[in-house]
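Report on the following structure.
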Amino acid sequence: MHYRISLMLVSATLSAVLLAACATVPETGRSQLQIVSPAQETQLGFQEFEKLKKSTPISKDAAANAQLQRVGKRIAAVAPLPNAQWEFVLFDKPDTPNAFCLPGGKVGVFSGILPITKDDAGLATVVGHEVAHAVARHGAERMSQGAVFQILEELALGRSSPATRQVVQQAYGLGFALPHSRQQELEADHLGVLYMARAGYPPREALGFWKRFAEYKDKHGGGKQIEFLSTHPLDEERIRQIEGLIPQAEMEYRKP
Ligand SMILES: [Zn+2]
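When we follow numbering that gives the first Met the number 0, the leftmost residue of the sequence shown carries the number 0, and every step to the right adds one.
Structural data, given as structure tokens:
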């Protein structure tokens, strides 16, 4: 009897916590679990970015750097990321076709993606997609889910462990340790194609990028060692969704 009451108490408390911890993603309206505050995740983003800048070579290619600054500025102008301190850094990693945006507007692009993005619109597709992950707070969502699973597991096993730090590291450790879920990927595509249109890039160009990316994946066998391929699985669903969003995005497209 006593056991049942305490279990009910735990379950009621947990429900209340989860209810209070619900947030809504702008524009898609999806409800998500968030137990990490924007200020906390921004702080983590800044810390991780500083570490990465110290440990990874930064590209000296003037033209490529100028392109990233030009495209980044235009995406930043339309992305609803309050209190962002925007920074766009091109890392010199020719074998890494990847990019990320940490909370607080810290964007990293690895030079290995540039042969696939090809032009400004291609790069806007990638930057728009990554910035959308940050606007929708996907990293904090993964961290929140990880923390709740951890709490549940500890309750179930009747033990406690210093695992919270590990969860934080997994969610933000260079941003890649845990792949985004399929749902988060599709959401980033959705928001990203709207951002690129609002920033003045023809939204149809997003399809061009993802098709080139598919060709790259075919050529390289979709190797798991390439981060962008493993964390950004390309599938027909992605292309189909973007095609469905083109009419709305074209209405919002403003020629610069
Ligand atoms: Zn993604």
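Backbone N, C-alpha and C define an ideal beta-carbon position, used for all residues, glycine too.
- Of the heavy atoms belonging to ligand 1, at least one sits nearer than 8 Å to the Cβ of E184.
- For E86, the enclosing beta strand (DSSP E) has its first and last residue at 86-90.
- Taking 9 Å as the cut-off, the Cβ atoms of R136 and Q31 count as close.
- The bridge partners DSSP lists for T23 are S30.
- In this structure C21 is exposed. Its beta-carbon is surrounded by fewer than 16 other beta-carbon atoms within 10 angstroms.
- Remark: the C-beta of E236 is outside contact range of ligand 1, defined as less than 8 Å to any heavy atom.
- Here the alpha carbon of G121 sits roughly 7 Å from the alpha carbon of A205.
- In the three-state reduction of the DSSP assignment, G107 falls in the strand class, which pools E and B.
- Counting along the chain, the unbroken beta strand (DSSP E) around A98 starts and ends at 98-101.
- Distance from the C-beta of A187 to the nearest heavy atom of ligand 1 is below 8 Å.
- Beta-bridge partners of I57 (DSSP): F90.
- Relative to P79, the option among G44, Q66, A131 whose CA is nearest is A131.
- At a threshold of 8 Å, E129 counts as near ligand 1, since its beta carbon sits closer than that to one of the ligand's heavy atoms.
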